[in-house]
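Quick notes on the structure that follows.
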Ligand SMILES: Cc1cc2nc3c(=O)[nH]c(=O)nc-3n(C[C@H](O)[C@H](O)[C@H](O)COP(=O)(O)O)c2cc1C
Ligand SMILES: [Fe+2]
Ligand SMILES: [Fe+2]
């Protein structure tokens, strides 16, 4: 049975949620599920903004069938060609053979790559700033390459002042009836997943997100309709400000995250001792993660949130412990910048992890390394407590100086 929600007079959400999928993109755990949003506008011409993942295809077609009610579908706007939004496109074309597909030149290339249906005579190729009127509504297409794929664009409806933002402003998390961000406790219930979604999926492309934000903020926007998660119609500035920070790699919070890798518990011991020393110096809300337990996507997301990051690793086969290496590579590939770093290493015969972790992080812009690097040769000795105290004090000193 159809399940739609009205957004504006003639604009509807026609998407669906998947609470069964274990790994989004076959990588990211999504315990809160995920939604695939698509939007239908019933104007003089009918226009659909994006389709959905295969997982929610049957419900999506029921939704369309119900709202179109014997009308034909005139246009499909393809803001993003990734299969979580396009896997149902060929079925859509089969059901609505007269539909015209609106996309840019890269979109059209990708349609041909993914599908075998006949594209000729079916596509309307648009360029930056092109407009399409459906009667009361006029849609403007703005290219947003690499937010998340090269063909990505966003679509602005001037009559409702809605921005159809593709993956931008999206988040993991199923829609539980409450489609609008103002109907949920977004800062407490959703923000960690929104941050994890942004940082892992688009975090690498901060510059391109900045370009998109510049275009978007020059428009008068009353609502943001992303492809995943809640629709924004209130307090947009709050969420846009988060995007401004994330995309410029500015820490969101003045906070310390300690990520450690430990086999027998000695490096863990040093990480916890450091945290206690920090707490004694009035540092609040410290986060500690065991990189073998917590998914790298969460640690990456926390690294984008926190101003101060401590990495503690055992030496493993002459290098960094494997799970820590994965986390650091993730941080490296996502281009994190502007952080203050502390390092703890351990090794029973030739500790190497510290230097190698430093080298990985050195390649990133504006990373400040704190002294001392604490080196354990198996376990923490009484003589080393002072060193851990020194690292704690160095964090506190730079913490107080940090002006976020
Ligand atoms: C498979 C394996 C490989 C290791 N490779 C090294 C090494 O290359 N260099 C070194 O100094 N220690 C190496 N170690 C030893 C650990 O780094 C060391 O025992 C450390 O104290 C473990 O800290 P933990 O108690 O936090 O696990 C290795 C240990 C294991 C299990
Ligand atoms: Fe995507
Ligand atoms: Fe997506």
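Residue numbers (my numbering): 1 to 404.
Cβ atoms here follow ideal geometry from the backbone N, Cα and C, with glycine treated the same way.
Tell me the rounded alpha-carbon separation between residue i and residue j.
i           : j           : result
residue 262 : residue 378 : 11 Å
residue 167 : residue 211 : 15 Å
residue 373 : residue 342 : 7 Å
residue 232 : residue 396 : 38 Å
residue 96  : residue 102 : 14 Å
residue 38  : residue 352 : 50 Å
residue 339 : residue 272 : 21 Å
residue 136 : residue 205 : 35 Å
residue 252 : residue 245 : 7 Å
residue 190 : residue 173 : 7 Å
residue 287 : residue 316 : 24 Å
residue 332 : residue 403 : 24 Å
residue 280 : residue 393 : 10 Å
residue 275 : residue 344 : 12 Å
residue 363 : residue 125 : 40 Å
residue 85  : residue 268 : 42 Å
residue 16  : residue 66  : 15 Å
residue 188 : residue 94  : 42 Å
residue 360 : residue 72  : 55 Å
residue 12  : residue 6   : 4 Å
residue 32  : residue 303 : 21 Å
residue 247 : residue 200 : 12 Å
residue 177 : residue 266 : 47 Å
residue 319 : residue 115 : 45 Å
Would DSSP call residue i helix, strand or coil?
i           : result
residue 261 : strand
residue 102 : strand
residue 175 : coil
residue 439 : This structure does not reach residue 439, given that the chain is present from 1 up to 404, and the question cannot be answered.
residue 121 : coil
residue 305 : helix
residue 169 : coil
residue 319 : strand
residue 60  : helix
residue 364 : coil
residue 13  : strand
residue 21  : coil
residue 126 : coil
residue 115 : coil
residue 36  : strand
residue 29  : strand
Using DSSP bridges, identify the partner residues of residue i.
i           : result
residue 162 : 157 and 223
residue 311 : 259 and 343
residue 287 : 257
residue 374 : 344
residue 75  : 47 and 100
residue 231 : 180
residue 380 : In DSSP, residue 380 forms no bridge with anything.
residue 141 : 155
residue 399 : In the DSSP output, where bridge partners are listed per residue, residue 399 has none listed.
residue 186 : Note: residue 186 sits in no beta bridge, so no partner.
Kindly give me the distance between the Cβ atoms of residue i and residue j, rounded to whole angstroms, as I take these residues to be in contact under 8 Å.
i           : j           : result
residue 327 : residue 296 : 5 Å
residue 313 : residue 324 : 4 Å
residue 163 : residue 221 : 5 Å
residue 170 : residue 227 : 5 Å
residue 81  : residue 51  : 10 Å between Cβ atoms; not a contact.
residue 14  : residue 40  : 5 Å
residue 409 : residue 21  : The chain is shown from 1 up to 404; residue 409 falls before or after that span and cannot be answered.
residue 354 : residue 369 : Going by Cβ atoms, the distance from residue 354 to residue 369 rounds to 10 Å, so no, they are not a contact pair.
residue 99  : residue 76  : 5 Å
residue 120 : residue 143 : Incorrect: roughly 23 Å between the Cβ atoms, too far for contact.
residue 259 : residue 380 : Rounded, the Cβ-Cβ distance is 18 Å, inconsistent with contact.
residue 243 : residue 219 : Actually they do not touch by this definition, with Cβ atoms about 15 Å apart.
The beta strand (DSSP E) that contains residue i, what's its start and end?
i           : result
residue 7   : 5-8
residue 131 : 131-133
residue 16  : 16-18
residue 147 : Per DSSP, residue 147 belongs to no beta strand (DSSP E) and is neither H nor E.
residue 42  : 39-42
residue 2   : That residue, residue 2, is in no beta strand (DSSP E); it is neither H nor E in DSSP.
Could you tell me if the beta carbon of residue i falls within a distance shorter than 8 Å of some heavy atom in ligand 4?
i          : result
residue 85 : As far as ligands go, the structure on display features ligand 1, ligand 2 and ligand 3 and does not contain ligand 4.
Which residue comes first and which comes last in the alpha helix (DSSP H) that contains residue i?
i           : result
residue 84  : 83-86
residue 213 : 206-217
residue 93  : 89-95
residue 197 : 191-197
residue 274 : 266-280
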